[in-house]
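Residue 32 in numbering that gives the first Met the number 0 is what sits at position 33 of the sequence shown, and the numbering runs on without skipping anything.
Idealized CB from N, CA, C, for every residue including glycine.
Everything numeric in this text was worked out from a predicted model, so none of it was measured.
First comes the structure, then the notes that go with it.
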Amino acid sequence: MQTVDIPRGASVLDLGGGTGRHIREILPEHKNITVCDISATDLAVARQRYGFKTVLLEETARLPFSDQEFDFCFCSSVIEHVTGPKQQVVKITDDQQFHDVARAHQLRFANEVSRVARSFYVQTPYRYFPIESHTWLPGLIVVLPRRSQIAVIDLFNRFWFKKTAPDWYLFDGDELQQMFPDARIYRERYLGLTKSLMAIRA
């Protein structure tokens with residue numbers, strides 16, 4: 000975030016921001032913030048606790064905003080989940096089909112981010128970090144065949160403390176750059192290893 004100058008009066012879109020807690024911690028002095036999410040319950044918290052404007056999104060719909068409506072879009076750990084209707088994608092067991100469906104939805108989402116905001120910050124976990132962030136299992140899980148990956152997640156969900164649905168599809172640096180060709184890709188590192196990627200258009 001240090002690479003983006005966001006004036007206090009700037010219009011900010013927190014895309015997939017849930018309750019708004021994260022954006023409030025990052026931009027505590029900013030008032031002109033709109034939080035978008037697919038959870039009506041989370042958005043109620045964003046309104047009541049922080050006074051943010053909120054917009055309830057449909058899972059695969061075009062963002063309901065005009066071109067360049069916002070000065071800045073903040074989107075953290077969201078794009079890897081934008082893979083299509085959840086009840087459908089979690090059942091896709093074919094590797095190529097899941098890849099094609101997921102990347103098509105992610106590209107559409109990336110284009111929408113670029114369309115509605117003049118500048119943006121899009122963060123996502125790095126595919127090859129040794130610990131997979133949604134399961135807290137060894138990173139090997141991301142290279143398993145799709146059918147095996149679903150089976151492992153289902154098994155660990157029975158007793159593991161970190162539960163997840165197999166709706167996420169992670170990126171490496173080149174893939175994220177392809178999603179945001181006019182952005183610069185930054186790497187967050189932990190113990191010298193890339194932990195997450197950030198696409199920033201300032």
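Since residue i and residue j should fall inside the 8 Å C-beta cutoff, what is the C-beta to C-beta distance between them, to a whole number of angstroms?
i      : j      : result
THR18  : VAL44  : 4 Å
PRO129 : LEU192 : 7 Å
VAL11  : HIS29  : 6 Å
ARG126 : LEU190 : With a Cβ gap of about 17 Å, ARG126 and LEU190 do not count as contacting.
PHE69  : VAL142 : The pair is not a contact, with the Cβ atoms about 37 Å apart (cut-off 8 Å).
VAL88  : ASP166 : 5 Å
GLU79  : PRO124 : 6 Å
Taking residue i as the reference, give the member of the options with the closest Cα.
i      : options                           : result
GLN67  : ASP181, SER113, ALA201 and GLY138 : SER113
GLU58  : ARG146, PHE108 and ALA9           : PHE108
VAL34  : GLU24, ILE25 and ARG46            : ARG46
ARG186 : GLU131, PRO27 and LEU196          : LEU196
PRO84  : PHE97, CYS74, SER75 and VAL54     : PHE97
CYS74  : TRP167, ALA9, SER132 and VAL121   : VAL121
ASP93  : MET178, ARG145 and ARG188         : ARG145
ASP181 : LEU55, PRO165, GLN87 and PHE119   : PHE119
GLU111 : ILE152, CYS72 and GLY8            : CYS72
ARG20  : SER132, ALA150 and TYR49          : TYR49
ALA150 : PHE51, LYS90, ALA9 and GLU24      : LYS90
Between the C-alpha atoms of residue i and residue j, what's the straight-line distance to the nearest angstrom?
i      : j      : result
GLN148 : LYS162 : 14 Å
TRP159 : PRO6   : 43 Å
TRP135 : ALA101 : 22 Å
PHE179 : LEU106 : 9 Å
ILE22  : PHE64  : 20 Å
ASP173 : LYS194 : 15 Å
VAL77  : LEU14  : 8 Å
GLN40  : ALA164 : The sequence shown places Thr at residue 40, rather than the Gln named in the question. Rounded to whole angstroms, THR40 to ALA164 spans 19 Å at the Cα level.
ALA201 : ARG117 : 8 Å
ILE37  : GLY16  : 9 Å
ALA9   : ILE32  : 8 Å
ASP99  : LEU42  : 31 Å
ASN156 : GLN86  : 17 Å
ARG183 : GLY138 : 25 Å
ALA103 : LYS52  : 29 Å
ILE140 : GLN95  : 17 Å
LEU154 : HIS133 : 15 Å
ALA60  : GLN177 : 22 Å
Starting from residue i, follow its DSSP beta bridges and name the residues at the other end.
i      : result
TYR168 : Paired residue(s): none; TYR168 is not in a bridge.
ILE184 : ALA198
THR193 : ARG188
SER202 : The question about residue 202 has no answer here: the residues shown for the chain are numbered 0 through 201.
LEU175 : LEU175 is not bridged to any residue.
LEU62  : Bridge partners of LEU62: none, in fact.
ASP70  : Bridge partners of ASP70: none, in fact.
ASP13  : VAL34 and PHE73
Establish whether the CB of residue i and some CB of chain C are separated by less than 8 Å.
i     : result
ASP93 : Note that chain C does not occur in the displayed structure, where there is just one protein chain.
Which runs of the alpha helix (DSSP H) at least 4 residues long sit entirely within the stretch 16 to 58? Give them in chain order. Listed in chain order, the complete alpha helix (DSSP H) runs (minimum 4 residues) inside the stretch 16 to 58 are 20 to 25 and 39 to 49.
Which whole runs of the alpha helix (DSSP H) in the stretch 94 to 157 are 4 residues long or more, in chain order? Within the stretch 94 to 157, the complete alpha helix (DSSP H) segments at least 4 residues long are 94 to 115 and 145 to 155, listed from N- to C-terminus.
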